[in-house]
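Some notes on the structure that comes next.
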Amino acid sequence: MIWNLPENDSDYSIRWKMIKSNLNRRYAVPIVAAMRFKVNEGKEEKGIGQRPVWEHAIRDQADVNCHCDYIHCNPVKHVLITYTTLWRDSGIIKYIENGLYPPNGDNQWINNFRT
């Protein structure tokens, strides 16, 4: 997830905790169990998402591009889908429509993220 905090606001960890808490309250237990990441397996943790979360200030456009690639490709890497364009909630379709990714991107750059 990439977002901008308001100017002079550094409450990143509190905001992220609230987002995860709201998601965990809204979704039913079977859905949560199906979405649980491997990092949480065996730790008797409840909820969704990866436990380790880090804050990172974006340095430049190349850094933005790397983070967008990571976000779009992670469902493929974790074998939740076979192609990025099949992830219903992904923003990659808009990126392709706006010319930010090639139309056949799944065949070109996605292989870098499969390992």
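In the UniProt record's numbering, the protein residues as written are 1 to 115.
Ideal placement from N, C-alpha and C gives every residue a C-beta, glycine not left out.
Supposed close pair residue i, residue j - CB separation, criterion 8 Å
| i | j | result |
| --- | --- | --- |
| H72 | T84 | 5 Å |
Distance between residue j and residue i (C-alpha atoms, nearest Å)
| i | j | result |
| --- | --- | --- |
| M58 | W3 | Note that residue 58 is Ile in the sequence shown, not Met. Roughly 10 Å between the two C-alpha positions. |
| D11 | M18 | 11 Å |
Buried or exposed (CB count within 10 angstroms, at least 16 for buried), residue i
| i | result |
| --- | --- |
| V76 | buried |
| Y101 | buried |
| P30 | Note that P30 scores a pLDDT of 49, beneath 50, so its modelled location is shaky and nothing firm can be said. |
| P6 | exposed |
| I93 | exposed |
| D69 | buried |
Test: residue i CB closer than 8 Å to a CB of chain D
| i | result |
| --- | --- |
| N65 | In the structure shown, chain D does not exist; there is a single protein chain. |
Near the ligand MG: residue i beta-carbon under 7 Å from a heavy atom
| i | result |
| --- | --- |
| I96 | As presented, the structure is devoid of all ligands, the ligand MG included, so that no description of it is given. |
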